[in-house]
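S.K.:
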Ligand SMILES: Nc1ncnc2c1ncn2[C@@H]1O[C@H](COP(=O)(O)OP(=O)(O)OP(=O)(O)O)[C@@H](O)[C@H]1O
Ligand SMILES: [Mg+2]
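Residue numbers (the numbering used here): 1 to 280.
1. Between the alpha carbons of residue 238 and residue 263, how many angstroms are there, rounded?
2. Quick check: residue 85 and residue 181, are their CB atoms within less than 8 Å of each other?
3. In whole angstroms, what is the alpha-carbon distance linking residue 68 and residue 39?
4. What do you reckon, is the C-beta of residue 234 under 7 Å from a heavy atom of ligand 1?
5. At which residues does the beta strand (DSSP E) containing residue 200 begin and terminate?
6. Which stretch, first to last residue, makes up the alpha helix (DSSP H) that contains residue 46?
7. Can you tell me whether DSSP reads residue 213 as helix, strand or coil?
8. Could you name each continuous beta strand (DSSP E) segment of 3 residues or more that falls completely within the region 53-89, going from the start of the chain to the end?
9. What whole-angstrom Cβ distance do residue 93 and residue 174 have, given they're in contact under 8 Å?
10. Grab the span of the beta strand (DSSP E) containing residue 4 for me, first residue to last.
11. Following a CB-centred definition, is residue 181 positioned closer than 7 Å to any heavy atom of ligand 2?
12. Does the distance from the CB of residue 59 to the CB of residue 27 come in under 8 Å?
13. For residue 164, list the residues DSSP reports as bridge partners.
14. Could you check if residue 306 is buried or exposed, using at least 16 other CB atoms within 10 Å of its CB as the buried criterion?
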């Protein structure tokens, strides 16, 4: 009997959060770094199905850094990063698009469908969702700067209770493909949709300080300080830039959480303590 009451209490503890978040748009960035273990991928899909069923309008944007690196390795194409961005020549761009729009997008979409959700995988090129131009052609190659977000296709899917799963590839002039850092794609989409939350799942506890300790709360000043003193590097640079962009566009909070922890999404959304870093 006691354990039944305990179970009921656990379920009920989510009630205030469900009441608060029902009907809101959450953009969830599923980092390539977090897409490792098959069990965790399934847990992620089930968490998303639950979020949708309690009335949250979930939009997924995914990365694919690890998969892209391993494909490039197999093809003997060198990976090279500048400022946390992948330098993308024409050959690299083909691999990036194959990995993101082909393999990873369909893997996430099919897991969601297998767990009972309606989900449709698209890239930023579909319906002209993301339009981009070169960020700095000489320095980064086909890394795109997003010029325009046309959210019509996302709204059409959400209206039908279909979860959009978006690969961060954008459409350029003459139908060129641009590689967009997935964090920046997620923030541009979150800003356009006026999402109330953005959540970045990565392969780290959250934002860490110089001693490797978790920083649970950050704001713009703190981010500038961490950037200036070199505490943040690599993929964390665009992630924090993207976080600030979401907040400036009106999101109430951005969460950076550990995708290696099972059900980290549910813990962050439906409990008081949360588990990662929150930017407000
Ligand atoms: N101060 C910091 N705190 C936490 N992580 C940091 C910090 N500085 C640099 N990083 C790096 O940022 C990485 C996360 O960004 P990364 O781009 O690698 O992953 P992702 O965005 O989740 O995946 P993908 O880019 O494939 O979507 C961490 O694994 C860590 O190595
Ligand atoms: Mg990244």
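Glycine included, C-beta positions come from ideal geometry on N, C-alpha and C.
M.R.: If we stick to the structure as given:
1. 25 Å
2. yes
3. 21 Å
4. yes
5. 197-202
6. 38-53
7. coil
8. 57-62
9. Residue 93 to residue 174, Cβ: 14 Å. No contact.
10. Looking at the DSSP string, residue 4 is not in any beta strand (DSSP E); the run it does join, the alpha helix (DSSP H), is 2-13.
11. yes
12. yes
13. 120
14. Outside the modelled stretch of the chain, which goes from 1 to 280, sits residue 306, for which no answer is possible.
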